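Protein chains in written order, with my numbering: chain A, 26 to 216; chain B, 55 to 72.
The structure is reproduced here in structure tokens:
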């Protein structure tokens with residue numbers, strides 16, 4: 026008889042179950058109709074099985090989004106967990122699509138599934154990548170724009186993980202401000 | 055309870071394992 030180590034057949038469980046969503050911009054449909062759930066996973070191995078199977082973000086058409094959210098939270102402002110929340114926003118230049126986009130998004134996913142923000146990971150709702158001709162965006166969404174301690178911890182760790190230079194400023198904005206903004210920029214609650 | 059945390063090195067190593 027052969028003894029097989031459990032390491033070889035037991036998958037590594039994640040702290041949370043996650044859902045990957047895809048948004049494709051079809052102007053003949055409503056915003057919600059363009060949003061589709063791709064799949065859910067709750068182990069490291071199933072995360073990679075999904076990630077290895079889908080298109081890299083840099084190959085998506087303009088107007089598309091991927092969203093990774095905790096199971097039970099929908100990737101929209103209206104969800105109860107997002108209503109009083111906000112996001113750390115990373116805006117990328119057109120040149121960065123080739124150099125940084127896929128690397129930044131994978132790093133963002135690894136931060137989420139690996140619970141990189143320790144106990145402040147409970148404040149994380151999910152992350153979104155927007156593919157846009159005028160400039161791509163990546164954001165981590167958190168649940169409470171008033172939880173300064175969690176937000177600043179998440180922002181510091183995230184910036185370090187992405188390798189964003191200290192002199193580059195990233196901003197945290199509430200969804201309420203983003204939804205009601207009049208111009209093209211939203212004021213930062215934290216930097 | 056305890057939180058299940060994985061660092062990036064471990065997660066990346068899992069990508070290539072069978």
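Virtual Cβ for every residue (Gly too), placed ideally from N, Cα, C. The structure presented is a predicted model; accordingly, all values stated were derived computationally and were not measured.
Any idea if residue 61/A is buried or exposed, counting beta-carbon neighbours within 10 angstroms, 16 or more meaning buried? Here the question's residue 61/A lines up with position 36 in the first chain. The residue is exposed, with fewer than 16 neighbouring Cβ atoms inside 10 Å.
Apart from the five residues just before and just after residue 138/A, which ones in its own chain have a Cβ nearer than 6 Å to its Cβ? Your numbering for residue 138/A matches position 113 in the first chain. Excluding residues within five positions, the ones whose Cβ falls inside 6 Å are 39, 72.
Three-state secondary structure (DSSP) at residue 202/A? Residue 202/A sits at position 177 when you count from the first residue of the first chain. Helix.
Per DSSP, residue 61/A forms a beta bridge with which residues? In the first chain, counting from the first residue as 1, residue 61/A sits at position 36. For residue 61/A, which the question treats as bridged, DSSP gives the partners 47/A.
On the DSSP bridge list, what partners appear for residue 90/A? Looking up residue 90/A in the first chain gives position 65. According to DSSP, residue 90/A bridges with 48/A, 155/A.
Could you tell me the alpha carbon to alpha carbon distance between residue 30/A and residue 68/B, rounded to whole angstroms? Along the first chain, read from residue 1 onward, the residue named residue 30/A stands at position 5. Along the second chain, read from residue 1 onward, the residue named residue 68/B stands at position 14. Rounded to whole angstroms, residue 30/A and residue 68/B show a C-alpha spacing of 16 Å.
Determine the burial state of residue 78/A: buried for a count of at least 16 other Cβ atoms within 10 Å of its Cβ, exposed for fewer. Locating residue 78/A in the first chain gives position 53, where the first residue counts as 1. Answer is exposed; the Cβ neighbour count stays below 16.
State the DSSP-derived secondary structure class of residue 60/B, mapped to helix, strand or coil. Within the second chain, the letter at position 6 stands for residue 60/B. Note: residue 60/B maps to coil in three-state DSSP.
Pairwise C-alpha distance: residue 150/A and residue 65/B: Here residue 65/B refers to the residue found at position 11 when the second chain is read from its first residue. Here residue 150/A refers to the residue found at position 125 when the first chain is read from its first residue. So the two alpha carbons sit approximately 20 Å from each other.
Just mark residue 160/A as buried or exposed, buried being the case when its beta carbon has 16 or more other beta carbons within 10 Å. Taking the first chain and counting its residues from 1, the one referred to as residue 160/A is at position 135. When all chains shown are included, residue 160/A counts as exposed.
Same chain, Cβ closer than 6 Å to residue 59/A, neighbours up to 5 away in sequence not counted: Within the first chain, residue 59/A is the residue found at index 34, counting from 1. Same-chain partners within the cutoff: 48, 49, 51.
Whose C-beta lies closer than 6 Å to the C-beta of residue 70/A among residues of the same chain, with five residues either side of it excluded? On the first chain, residue 70/A is found 45 positions in, with the first residue counted as 1. Around residue 70/A: 36.
Please check if any C-beta of chain B sits within less than 8 Å of the C-beta of residue 220/A. With chain A covering 26 to 216 only, the question about residue 220/A has no answer from this structure.
Note down, in chain order, every chain B residue with its Cβ under 9 Å from the Cβ of residue 149/A. Within the first chain, residue 149/A is the residue found at index 124, counting from 1. Those do not exist, as residue 149/A stays about 12 Å from chain B at its closest Cβ, beyond 9 Å.
Nearest-angstrom Cα distance between residue 163/A and residue 87/A? Walking along the first chain from the start, residue 163/A turns up at place 138. Walking along the first chain from the start, residue 87/A turns up at place 62. Residue 163/A and residue 87/A: Cα-Cα distance of roughly 14 Å.
By DSSP, does residue 40/A sit in helix, in strand, or in coil? Along the first chain, one-based indexing puts residue 40/A at 15. Under the three-state reduction of DSSP output, residue 40/A falls in the strand class.
By DSSP's criteria, residue 66/A is part of a beta bridge. Which residues make up the other side? Mapped onto the first chain, residue 66/A falls at position 41. In the DSSP output, where bridge partners are listed per residue, residue 66/A has 43/A.
Comparing the C-beta of residue 40/A with each C-beta of chain B, is any distance below 8 Å? In the first chain, residue 40/A corresponds to position 15, counting from 1. Answer yes: the Cβ-Cβ gap between residue 40/A and chain B drops below 8 Å somewhere.
Quick check: the Cα distance between residue 27/A and residue 123/A, rounded to an integer number of angstroms? Taking the first chain and counting its residues from 1, one reaches residue 27/A at position 2. Taking the first chain and counting its residues from 1, one reaches residue 123/A at position 98. For residue 27/A and residue 123/A, the distance between alpha carbons rounds to 48 Å.
Let me check one thing: in DSSP terms, what residues is residue 177/A bridge-paired to? Position 152 of the first chain, counting from 1, holds the residue named residue 177/A. Its beta-bridge partners do not exist; DSSP assigns none.
Residues near residue 116/A in its chain [Cβ-Cβ closer than 7 Å; skip 5 each side]: The residue you call residue 116/A lines up with position 91 of the first chain. 160, 162, listed in sequence order.
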